[in-house]
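Start counting the sequence shown at 603; every next residue gets the next number (our numbering). Reviewing the structure listed below.
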Amino acid sequence: MSLVLVPGLGLDERSSRRLRELIPGVVARLPGMGRPEPVPSLHELAAALRAGLPDRPVVLVGHSQSCQVVARAAHDPRVTGVVLCGPTTDPRMRPLRVLAWRWLRTAVAEPWWQVPLVLGQWWHTGPRAMTALWRTAAPERIEEDLAGLPVPVVVVRGSRDALCPADWARQVAAAASRGQLVELPGAAHMTPQTHPEQLARMVGDYWPSVRPRTSA
Numbered sequence: 603m604s605l606v607l608v609p610g611l612g613l614d615e616r617s618s619r620r621l622r623e624l625i626p627g628v629v630a631r632l633p634g635m636g637r638p639e640p641v642p643s644l645h646e647l648a649a650a651l652r653a654g655l656p657d658r659p660v661v662l663v664g665h666s667q668s669c670q671v672v673a674r675a676a677h678d679p680r681v682t683g684v685v686l687c688g689p690t691t692d693p694r695m696r697p698l699r700v701l702a703w704r705w706l707r708t709a710v711a712e713p714w715w716q717v718p719l720v721l722g723q724w725w726h727t728g729p730r731a732m733t734a735l736w737r738t739a740a741p742e743r744i745e746e747d748l749a750g751l752p753v754p755v756v757v758v759r760g761s762r763d764a765l766c767p768a769d770w771a772r773q774v775a776a777a778a779s780r781g782q783l784v785e786l787p788g789a790a791h792m793t794p795q796t797h798p799e800q801l802a803r804m805v806g807d808y809w810p811s812v813r814p815r816t817s818a
């Protein structure tokens, strides 16, 4: 079984480097998510993700805005599990003033050591692709894509994540027939980058065939 990670909005493989040092996995870079290219429809993004999956069972891991793409692609028969870290399609967040306020509250809760790393990834992907991805994915209803999904779905939320509030995370988990919510105390939104050890252990608990390496 393989772990396939899809970076969040504007991010790339650097955001999951420490996680992949602990647990084997590959990164699927898509337009707006590590690739500074025109962003197609959500259906096309999901199709591109499915086309790049290996011919063996996989656990798909989405982060932030890529959770919507992962949820849409997860009906592929090769997908045996889904991890959604901080899904950000809460419809209450579509007004710009709400998005800005939640982003600010979350940003001040993140550890400052990661700021240069995040900015470097955003610079590479570029504001045009990032804005296009937000406009493409934000209006979609992730609950509809999760409905009827037969595989386990684990929604991971940092306890200080205002971009993915607790009631929204519970709603997303409840949309899947085998959905569960895991909250990481003290974490904010960038959980793959800031809390790789906890994520690696959680994946190993749910899918023992994807065994984390021992942390140094």
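All residues carry an ideal CB built from backbone N, CA and C; glycine is no exception.
Practice task
Measure the beta-carbon distance from R616 to Q723 and round it to whole angstroms, keeping in mind my assumption that it falls under 8 Å.
Solution key: Mapped onto the sequence shown, residue 616 falls at position 14. Mapped onto the sequence shown, residue 723 falls at position 121. 6 Å between Cβ atoms; contact.
Problem - Sub-9 Å separation of V684 and A778 beta-carbons - result: If you number the sequence shown from 1, residue 684 lands on position 82. If you number the sequence shown from 1, residue 778 lands on position 176. The answer is yes: Cβ separation under 9 Å.
Exercise for the section: Indicate whether V812 and S604 have their beta-carbon atoms separated by less than 9 Å. Expected result: Counting from one through the sequence shown, the residue named residue 812 turns up at place 210. Counting from one through the sequence shown, the residue named residue 604 turns up at place 2. Yes, they are a contact pair.
Handout entry: V608 and L644 closer than 9 Å at C-beta
Key = The count along the sequence shown starts at 1 and reaches residue 608 at position 6. The count along the sequence shown starts at 1 and reaches residue 644 at position 42. Contact: no.
Practice task
Would you kindly check if the distance between the Cβ of V606 and the Cβ of V660 is under 9 Å?
Solution key: Sequence index remark: in the sequence shown, residue 660 carries index 58 (1-based). Sequence index remark: in the sequence shown, residue 606 carries index 4 (1-based). Yes, the Cβ-Cβ distance between V660 and V606 is below 9 Å.
Practice task
Using the Cα positions of R762 and M792, report the straight-line distance between them to the nearest angstrom.
Solution key: Residue mapping note: residue 762 aligns to position 160 of the sequence shown, counting from 1. Residue mapping note: residue 792 aligns to position 190 of the sequence shown, counting from 1. Taking the straight line joining both Cα atoms gives about 10 Å.
Practice task
Indicate whether T796 and P718 have their beta-carbon atoms separated by less than 9 Å.
Solution key: Residue 796 sits at position 194 when you count from the first residue of the sequence shown. Residue 718 sits at position 116 when you count from the first residue of the sequence shown. For T796 and P718, no; Cβs fall outside 9 Å.
Exercise for the section: Under 7 Å Cβ to Cβ from A650, same chain only, skipping five residues before and after it: list those, please. Expected result: The count along the sequence shown starts at 1 and reaches residue 650 at position 48. Around A650: L632.
Practice task
If I'm right that V587 touches A771 with Cβ under 8 Å, what's the distance once you round it to whole angstroms?
Solution key: Outside the shown range of the chain (603 to 818) lies residue 587, about which nothing can therefore be said.
Exercise for the section: Quick one: grab the DSSP three-state call for R674. Expected result: One-based indexing of the sequence shown puts residue 674 at position 72. Reduced to three states, the DSSP call for R674 is helix.
Handout entry: Own chain partners of R637 with C-beta closer than 6 Å, once the 5 adjacent residues on each side are dropped
Key = For the purposes of this step, residue 637 is identified with residue 35 of the sequence shown, where counting begins at 1. Excluding positions up to five away in sequence, the list reads R631.
Practice task
Give a yes or no on whether the C-beta atoms belonging to R674 and A764 are separated by under 9 Å.
Solution key: As a working mapping, residue 674 is identified with position 72 in the sequence shown. As a working mapping, residue 764 is identified with position 162 in the sequence shown. Not closer than 9 Å, so no.
Handout entry: Cβ of L751 within 9 Å of any chain C Cβ
Key = Protein chains in the displayed structure number just one, and chain C is not present.
Exercise for the section: For R699, count neighbouring Cβ atoms within 10 angstroms of its own Cβ and tell me buried if that reaches 16, exposed if not. Expected result: Along the sequence shown, one-based indexing puts residue 699 at 97. When all chains shown are included, R699 counts as exposed.
Exercise for the section: Check whether the Cβ atoms of L647 and V671 sit closer than 9 Å, and answer yes or no. Expected result: Along the sequence shown, read from residue 1 onward, the residue named residue 647 stands at position 45. Along the sequence shown, read from residue 1 onward, the residue named residue 671 stands at position 69. Cβ distance < 9 Å, so L647 and V671 count as in contact.
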